[in-house]
Amino acid sequence: MGEEARKRKDWRLRIGLALALVLIASPRLPAATLHLVPPSPTADLFVGSVGDTLPKVTVRVLDSGGEPLANVNVGLSEWGEGETALRVLQPTATTDGRGEATFSVVLSGPAGEYSAWAALVDEPAVSVRVPFRALRDHWGFFLIMGVGGGLALFLYGLRLIGRGLERAASGRLRSYLAVMTSSPMRSLAFGMVGTLMVQSSSASTVLLVSFASAGLVTLEQCLGATLGAGVGSTFTVQLISFRIAEYALLAVAVGFALTLSRGRRRRVGGIVLGMGLMFFGLRVMSEAMAPLKGMPAVSDFFAATASDPLPALIVATVFTAIVQASAATIGVVLGLSFQGIVTLDAAIPFVFGANIGTAATAILSSLGADAEGKRVAWAHAAFRAGGVALFLPFLGPFTRLVQATSSDLPRQIANCHTLLNLGTAVLFLPALPLAARLFRAAIPDRESDDEFRPRSLDPRFHEQPTIALAG
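Per my numbering, residue 519 is the first one in the sequence shown, and the count goes up by one each step.
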């Protein structure tokens, strides 16, 4: 028995020695790493609709020195995390001279986010995650419908809040007008209060244009109020930057219930209902834009915006002029920020553009006004554009200042809007007398103006009953 045991031991040694020689003699893959080749410089997510074929899902194999490895077999799994959603047309590919292996993948599963894994065939431990997103059919239509419907709810909510606050103020609106004196600080305060009442700097500036045309106030009084209107408009943006959209439908229910009562409760109900619709509209917009997160084209666009802010500034200016509310433009940007789609560097140009575009409403309202009303409208536009022009060359330091105000991106965007308008007011407030002289010289009185025409019976006051009745 001892002889047989010794022979078995010798055979084991011989077999082990032979296997060792085979392993030593066989070629081994040098130390390698596997890297995903992203579909764009700013995004590594592969996106398509359900049923689409993504023909260029590429990974790269590099050696320990960072050089590409050719003729290496790479496999890509056909399953994702959770439910099966991917089908790889060729599970294995060989790297080319650049060390790249390319796969064609069909997004066969339901809409959602999935991950596959690419790994070396000879060394499965060397792998890399490949993220995918499958979009629902006609996702673009639902995106437009969600953003458009949410924006409509948002604007209607703003209108309800403005009407409710205005009705709550009732006849005091005329007494507020009396506060406007030659003091720039009082005019600034009036502009802030007026904008808080109507929830729109555009609407409050239109009123100022009408006041000036009717001869109720002077140009100097209105100039301070236009600066105050910009500061007052930041309250709405600050409000919507908080993450309280989950309670929007509760506010809608409570507000609607209060509107069924009478008196002051009915007015308060209108304000609460408007706030609920505003937040719910913001939530609808944000959820509708969720598919854009990580999408290569969108990421590239915002990366380009951060490096060249002028196109985004122009787009935001035009959009704000169309919807006639800077809060709507910034609300869309906040919706993007809630989804992590936009960065602060890319958001700031849109805030600047919204600040300029809101002056378009006042300019349009001044078309039928006399010279004094035109001066107010164009001065308002000059202040908005001038403030942006002064901040734009210092975009880097301004961005760092905004970043220091909060760690939350939506709050940073709201603070950017506030700092911009506060800075504009501080810079231009001491120069109001000079600005008044400049705009009187630039826009002289028309000789054909009828000195005896009725000035207070202005059709633009029809939506402001207390002023219309006083006129």
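Virtual Cβ for every residue (Gly too), placed ideally from N, Cα, C.
What you are looking at is a predicted structure, and each value in this text was computed from that prediction instead of being measured.
Could you please give me the residues that DSSP links to Ala707 through a beta bridge?
Here residue 707 refers to the residue found at position 189 when the sequence shown is read from its first residue. Note: Ala707 sits in no beta bridge, so no partner.
Enclosing beta strand (DSSP E) for Asn589 [first to last residue]:
If you number the sequence shown from 1, residue 589 lands on position 71. From DSSP, Asn589 is part of no beta strand (DSSP E); its letter is neither H nor E.
Work out the CA separation of Phe820 and Glu585 for me, nearest whole Å.
Numbered from its first residue, the sequence shown carries residue 585 at position 67. Numbered from its first residue, the sequence shown carries residue 820 at position 302. Their backbone Cα atoms lie some 32 Å apart in a straight line.
Beta-carbon gap between Arg893 and Thr942 smaller than 9 Å
Translated into positions along the sequence shown, residue 893 becomes position 375. Translated into positions along the sequence shown, residue 942 becomes position 424. Cβ atoms of Arg893 and Thr942: not closer than 9 Å.
With the cut-off set at 9 Å, would you say Gly792 and Gly680 are in Cβ contact?
The sequence position of residue 792 within the sequence shown is 274, counting from 1. The sequence position of residue 680 within the sequence shown is 162, counting from 1. Yes, the pair counts as a contact, with Cβ atoms nearer than the cut-off.
Comparing C-alpha positions only, which one of Ala822, Val850 and Ala899 sits nearest to Thr560?
As a first step, residue 560 is located in the sequence shown; it is residue number 42 there, counting from the start. Ranking the options by Cα distance to Thr560, first place goes to Ala822.
Give the DSSP-derived three-state secondary structure of Lys574 in the structure shown.
For this step, residue 574 is matched to residue 56 along the sequence shown. Here Lys574 sits in strand by DSSP.
Chain-order list of residues whose beta-carbon lies under 8 Å from that of Ile993 (same chain, five-residue window excluded)
An answer regarding residue 993 cannot be provided, because it is not within the stretch 519 to 989 covered by the chain.
Contacting residues, own chain, Cβ-Cβ under 7 Å from Asp562 (five flanking each side not counted):
Taking the first residue of the sequence shown as 1, we reach residue 562 at position 44. Closer than 7 Å at the Cβ level, and outside the excluded window around Asp562, lie Leu554, Pro556 and Pro649.
Less than 9 Å separating the beta-carbons of Val786 and Leu795?
Here residue 786 corresponds to residue number 268 of the sequence shown, with the count starting at 1. Here residue 795 corresponds to residue number 277 of the sequence shown, with the count starting at 1. Going by beta carbons, Val786 and Leu795 fall outside the 9 Å limit.
Touch check for the region 730 to 739 and the region 753 to 772: three-plus C-beta pairs under 8 Å?
no
Check the DSSP bridge columns for Gly566 and list the partner residues they point to.
Residue 566 sits at position 48 when you count from the first residue of the sequence shown. Per DSSP, Ala652.
Does the Cβ-Cβ distance between Ala747 and Leu768 come in under 9 Å?
Working through the sequence shown from its first residue, we reach residue 747 at position 229. Working through the sequence shown from its first residue, we reach residue 768 at position 250. Between Ala747 and Leu768, the CB-CB gap reaches or exceeds 9 Å.
Can you name, in chain order, every residue of its own chain whose Cβ lies under 7 Å from the Cβ of Ala549, other than the five neighbours on each side?
Position 31 of the sequence shown, counted from the first residue, corresponds to residue 549. Result list for Ala549: Asp581 and Ser582, in chain order.
Under DSSP, the beta strand (DSSP E) around Ser622 begins and ends at which residues?
Against the sequence shown, residue 622 aligns to sequence position 104. Unbroken beta strand (DSSP E) run through Ser622: Glu618 to Leu625.
Cβ atoms of Gly668 and Arg801: under 9 Å apart, would you say?
Here residue 801 is taken as the residue at index 283 of the sequence shown, counted from 1. Here residue 668 is taken as the residue at index 150 of the sequence shown, counted from 1. Yes, these two residues count as a Cβ contact at 9 Å.
Between which two residues does the beta strand (DSSP E) holding Ser633 run?
As a position in the sequence shown, residue 633 is number 115, starting the count at 1. For Ser633, the uninterrupted beta strand (DSSP E) segment begins and ends at Gly630 to Leu638.
So what does DSSP say about Arg681, is it helix, strand or coil?
Taking the first residue of the sequence shown as 1, we reach residue 681 at position 163. In the structure shown, Arg681 adopts helical secondary structure according to DSSP, grouped into three states.
Between which residues of its own chain and Gln842 is the CB-CB distance below 7 Å, once the five residues before and five after are set aside?
On the sequence shown, position 324 is the one that residue 842 refers to. If we look at Gln842 and ignore the five residues flanking it on each side, its Cβ neighbours are Ser720 and Thr879.
Which runs of the beta strand (DSSP E) at least 3 residues long sit entirely within the region 773 to 829? Give them in chain order.
Counting whole runs of 3 or more residues, the region 773 to 829 contains no beta strand (DSSP E) stretch at all.
Hey, out of Asp963, Ser722 and Ala953, whose CA is closest to Pro702's CA?
Indexing the sequence shown from 1 puts residue 702 at position 184. Among Asp963, Ser722 and Ala953, the Cα nearest to that of Pro702 belongs to Ala953.
Please classify Leu625 as buried or exposed, where buried requires at least 16 other C-beta atoms within 10 Å of its C-beta.
Within the sequence shown, the letter at position 107 stands for residue 625. It counts as buried.
How many Å lie between Leu956 and Leu741 at the Cα?
Stepping through the sequence shown from its first residue, residue 956 is reached at position 438. Stepping through the sequence shown from its first residue, residue 741 is reached at position 223. Answer to the nearest angstrom: the Cα atoms are 12 Å apart.
Alpha-carbon spacing of Ala629 relative to Thr620, whole angstroms
As a working note, residue 629 is residue 111 in the sequence shown. As a working note, residue 620 is residue 102 in the sequence shown. Cα-Cα distance, rounded: 24 Å.
Taking buried to mean at least 16 other C-beta atoms within 10 Å of its own C-beta, is Thr876 buried or exposed?
Numbered from its first residue, the sequence shown carries residue 876 at position 358. Buried, because 16 or more other Cβ atoms sit within 10 Å of the Cβ of Thr876.
For Arg605, report the span of its beta strand (DSSP E) as first-last.
Here residue 605 corresponds to residue number 87 of the sequence shown, with the count starting at 1. Element bounds for Arg605: Leu604 to Val606.
Classify Arg647 as helix, strand or coil using the three-state DSSP reduction.
Here residue 647 is taken as the residue at index 129 of the sequence shown, counted from 1. Strand at Arg647.
Does the Cβ of Phe912 have 16 or more other Cβ atoms within 10 Å, making it buried, or fewer, making it exposed?
Start at 1 with the first residue of the sequence shown, and residue 912 comes out as number 394. Per the 10 Å Cβ criterion, exposed.
Going by beta-carbon coordinates alone, are Leu854 and Leu810 separated by less than 9 Å?
Residue 854 sits at position 336 when you count from the first residue of the sequence shown. Residue 810 sits at position 292 when you count from the first residue of the sequence shown. Cβ atoms of Leu854 and Leu810: closer than 9 Å.
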